[in-house]
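Protein chains in written order, with the working numbering: chain C, 70 to 164; chain S, 10 to 263; chain A, 2 to 295.
Even glycine gets a Cβ: it sits at the ideal position worked out from N, Cα and C.
These numbers were taken from a predicted model, which means no experiment stands behind them.
One structure below.
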């Protein structure tokens, strides 16, 4: 399942995409994110899935653009910690 | 040298006339539906009160959301105008927050008053004066009473929605749950402050912090903002004129 | 008393071809949304009764109101006869009589699969305060989704606001928006609050109501299309949620996508509750088989 978490508002489209087919719930993303954007647990959108999965935390989902600001606005354009940490390339960003 | 700064906002048009850096005249008029007409009216009022007209000016510079509508020859961006005006009032200012009727911005300036970073919201009512107006209307409280009312709040309730339209629904639910009006008033200011602070964090909070724009007159909002920023917020006298003032200074090459 | 233009008609329905008394498994799905609430009762996997009501200020009352409405005209059916209830929607955790709460993404996919048949692959749900784009397989299992519930633009609530400001009943806005000779440019403001001011300005300029409605419907369709294109549109395509009943938005959407939406065989607003009832059926069967094997 391609799960897109985020929103579209007047400023644009801001979504973090998690490919739950690749994700195995290892939690590396949650550990790497300085803004606590990720959580690992039961898949809220697949009632039949037993394996844990990463989701974007409800606390930041609707302000994800600002939550990701500290990583995305770095002057050195370093790669995003969440994507670097994920061993299965399950995470992508729409902006 | 006599210069004028005209700030054409969504709700009001502000004109400030400056001579050698000193404010000689100022005027505020409703923008209404026809900006060209309102602009002419603003100048007419100015002439009646102070005797100045456009012909007296060595230079007129325009800023604000409506600057394109009056086909002005010379214009300056809102961020630059706000920065210049704020810095002229207080040279320790490093973060300028402007909340107008339909836009909000956060500007970072250096020790020379130059703009080094900014964040704008001009697409979304949330984070602007329009948010408070809509909420005040739902609550049935006149806009100018909302601020003082919120200061009487005894308990904290939160409006969770980001969007002004959804916040309205939440407010209706609160009204049904008989939440006291001062607490709801406070929730409204907290919500607006929250949206504004997200923008300020984007440029980074660095003291001194100055708040300008018409919404600064709302003491409830100023309090909520200060609490969320966790620092003192300077609100100048006549906060809605600061951008027009800055524009007039820039016109004079100052 | 001022007419409430935004107030759409509540409704209910009982299947004339079914009798609940012969059913083996009776289940219910309740979808408590921020604007509307639906309850669907199924008998052995068939839709038996449903109701579509306005959400009350609290979720529990809304759920009870919806299920009671659905239970009317059912020849004595009560909650006691219903074996398993699943709650969904924004108020799902507050459905007092539900055995389980499941998020609306999976319920909508299942519901659409029933309403449109197993060929459905892309579902657009335009709810009261959100907009969802869902891709699913032939069993109604979600393969991809995207939800926007931050911004009112492109949601049912925005259309209610426009109905109100233009003084047109919400049941008629769709048809009225199609009564323009030439399609006007879409409103320039994305934000509903600013778009509303823009609409008032247009009315002042002399624009007739249908032209303003057309302008807004066009902007809404365009916005929703951009969300859909993010997950890709695969045929067959179907629309659920209240806005599915707005011909003005649906027509413009289809035109921009180049795809025709399937015609539903049930009220598309019940998709969430229906899917929930179907999942309840599956869970009830699972529970029963565990019981039987003891």
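{"Query": "Whole beta strand (DSSP E) elements within the stretch 113-152 of chain A, 3-residue minimum", "Result": "123-127, 132-137, 143-149"}
{"Query": "Residue range of the unbroken beta strand (DSSP E) whose run includes residue 31 of chain S", "Result": "31-39"}
{"Query": "Same chain, Cβ closer than 7 angstroms to residue 48 of chain A, five either side skipped, listed in chain order", "Result": "16, 41, 267, 275"}
{"Query": "Cβ-Cβ distance between residue 132 of chain C and residue 162 of chain S below 8 angstroms", "Result": "no"}
{"Query": "Run of the alpha helix (DSSP H) containing residue 89 of chain S, from where it starts to where it stops", "Result": "87-98"}
{"Query": "Short CB-CB distance (under 8 angstroms) between residue 106 of chain A and chain C", "Result": "yes"}
{"Query": "Test: residue 163 of chain C CB closer than 8 angstroms to a CB of chain S", "Result": "no"}
{"Query": "Closest by C-alpha distance to residue 159 of chain A, when choosing among A/119, A/219, A/111", "Result": "A/219"}
{"Query": "CB contact below 8 angstroms: residue 93 of chain C versus chain A", "Result": "no"}
{"Query": "Nearest neighbour of residue 91 of chain A, chosen from A/254, A/105, A/165 [CA to CA]", "Result": "A/105"}
{"Query": "CB contact check: residue 131 of chain C to chain S, cutoff 8 angstroms", "Result": "yes"}
{"Query": "Paired residues, beta bridge with residue 210 of chain A - DSSP", "Result": "According to DSSP, which records beta bridges pairwise, residue 210 of chain A is partnered with nothing at all."}
{"Query": "Close-in-space but distant-in-sequence residues of the same chain around residue 92 of chain S (CB under 8 angstroms, 5 per side omitted)", "Result": "105, 116, 118, 122, 123, 124, 255"}
{"Query": "Through-space distance from residue 98 of chain S to residue 71 of chain C, alpha-carbon basis", "Result": "52 angstroms"}
{"Query": "Minimum Cβ-Cβ distance from residue 202 of chain A to chain S less than 8 angstroms", "Result": "yes"}
{"Query": "Span separating the alpha-carbon of residue 30 of chain S from that of residue 253 of chain S", "Result": "13 angstroms"}
{"Query": "Identity of the residue in S/176, S/49, S/79, S/195 nearest residue 135 of chain S by Cα", "Result": "S/176"}
{"Query": "C-beta atoms of residue 129 of chain A and residue 189 of chain A nearer than 8 angstroms", "Result": "no"}
{"Query": "Beta-carbon proximity list for residue 83 of chain A, same chain, < 6 angstroms, skipping 5 on both sides", "Result": "27, 29"}
{"Query": "Inter-stretch contact (C-beta, 8 angstroms, three-pair minimum) for the stretch 56-65 of chain A and the stretch 86-101 of chain A", "Result": "yes"}
{"Query": "Cβ-based neighbour list, residue 19 of chain S, same chain, cut-off 6 angstroms, excluding 5 preceding and 5 following", "Result": "74, 110, 111"}
{"Query": "Per DSSP, cross-strand counterpart(s) of residue 110 of chain C", "Result": "C/122"}
{"Query": "Spatial distance of residue 2 of chain A from residue 128 of chain C (CA atoms)", "Result": "In this prediction, residue 2 of chain A has a pLDDT of 40, which is less than 50 and means its spatial position is unreliable; what the coordinates show is noted afterwards. Distance between the alpha carbons of residue 2 of chain A and residue 128 of chain C is about 41 angstroms."}
{"Query": "Given 8 angstroms, three or more beta-carbon pairs between the stretch 165-180 of chain A and the stretch 86-102 of chain C", "Result": "no"}
{"Query": "Interface positions of the stretch 141-160 of chain A facing chain C (Cβ-Cβ less than 9 angstroms), listed along the chain", "Result": "142, 143, 144, 145, 146, 147, 148, 149, 150, 151, 152, 154, 155"}
{"Query": "Residue 292 of chain A (DSSP reduced to helix, strand or coil)", "Result": "helix"}
{"Query": "Test: residue 228 of chain A CB closer than 8 angstroms to a CB of chain C", "Result": "yes"}
{"Query": "Three-state secondary structure (DSSP) of residue 133 of chain C", "Result": "helix"}
{"Query": "Unbroken stretches of the alpha helix (DSSP H), 4 residues or longer, contained in the stretch 13-57 of chain A", "Result": "none"}
{"Query": "N- and C-terminal bounds of the alpha helix (DSSP H) containing residue 196 of chain A", "Result": "193-205"}
{"Query": "Simplified DSSP assignment, three categories, for residue 140 of chain S", "Result": "helix"}
{"Query": "Contacting positions in the stretch 167-199 of chain S - beta carbon closer than 8 angstroms to chain A", "Result": "171, 172, 173, 174, 175, 178, 181, 182, 185, 186"}
{"Query": "Reduced DSSP category for residue 2 of chain A - H, G, I as helix; E, B as strand; rest coil", "Result": "Since pLDDT at residue 2 of chain A reaches only 40, below the 50 mark, its modelled position is unreliable, and the value read off the structure follows with that caveat. Here residue 2 of chain A sits in coil by DSSP."}
{"Query": "Under 9 angstroms from the C-beta of residue 193 of chain A: neighbouring residues of chain S", "Result": "134, 172, 173, 174"}
{"Query": "Inter-residue Cα distance where the pair is residue 217 of chain A and residue 117 of chain A", "Result": "28 angstroms"}
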